[in-house]
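Mapping the sequence shown onto the numbering used here, position 128 (from 1) lands on 159, and the numbers just tick up by one.
First comes the structure, then the notes that go with it.
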Amino acid sequence: MADGYIEAATPIATARRNPMLADEILAAADSPADRVYTGALSALGIAIRQAKRFDLTPGIIVTANTISTSSFAAQLRVLPLCRLPFEFTWMEWPGADPVYDAYRVDNATAAAKRLNALLRRKSTETLEKVLSDAGARH
């Protein structure tokens, strides 16, 4: 880890490997496509501008998949270590990469070029309540 961040999660301010989906969404604000979607791209653009942006490597996605398939108890044990670094965080990753082949369910569906998630951090109190409630049930 470097400065508390996973090295494979590259802050966009320091490196750019691929064209970002976020940039395409920002460019589409007030476009004919935006009007078709009743301003949804413009609204999403406002949120993207507030977010810190990260371009995730395929290895991070494989790790996330491993965590998501682990037991619920194991996920609860590491939950106190999980924090979003910013109030708004935009994560983007390639939709197709050879490292994903082992996880592919159906070859008939083509993978998207880029995938993303826009996350908003909730307060620490919310996380502490979730952990407290979960501990009370076990």
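We put the CB at the ideal spot given by N, CA and C, even for glycine.
Computed from a predicted structure; not experimentally measured.
Residue i - DSSP class collapsed to helix/strand/coil
{"i": "residue 123", "result": "strand"}
{"i": "residue 115", "result": "coil"}
{"i": "residue 60", "result": "coil"}
{"i": "residue 152", "result": "coil"}
{"i": "residue 76", "result": "helix"}
{"i": "residue 105", "result": "helix"}
{"i": "residue 94", "result": "helix"}
{"i": "residue 71", "result": "helix"}
{"i": "residue 82", "result": "coil"}
{"i": "residue 129", "result": "helix"}
Spatial distance of residue i from residue j (CA atoms)
{"i": "residue 74", "j": "residue 117", "result": "20 angstroms"}
{"i": "residue 115", "j": "residue 108", "result": "17 angstroms"}
{"i": "residue 202", "j": "residue 72", "result": "Nothing can be reported for residue 202, as the shown portion of the chain is limited to 32 through 169."}
{"i": "residue 77", "j": "residue 129", "result": "33 angstroms"}
{"i": "residue 146", "j": "residue 126", "result": "6 angstroms"}
{"i": "residue 38", "j": "residue 90", "result": "For residue 38, the pLDDT reaches just 40, beneath the cut-off of 50, and the residue's location in the model is therefore unreliable, leaving the point undetermined."}
{"i": "residue 61", "j": "residue 81", "result": "18 angstroms"}
{"i": "residue 66", "j": "residue 55", "result": "15 angstroms"}
{"i": "residue 100", "j": "residue 70", "result": "36 angstroms"}
{"i": "residue 105", "j": "residue 93", "result": "17 angstroms"}
{"i": "residue 113", "j": "residue 153", "result": "12 angstroms"}
Residue burial classification, residue i (beta-carbon count within 10 angstroms, cutoff 16)
{"i": "residue 50", "result": "exposed"}
{"i": "residue 64", "result": "exposed"}
{"i": "residue 79", "result": "buried"}
{"i": "residue 58", "result": "exposed"}
{"i": "residue 53", "result": "buried"}
Residues that residue i bridges to, as DSSP identifies them
{"i": "residue 147", "result": "123"}
Discussion item. Three Cβ pairs or more, each shorter than 8 angstroms: is that satisfied between the stretch 114 to 125 and the stretch 80 to 91?
Written reply: yes
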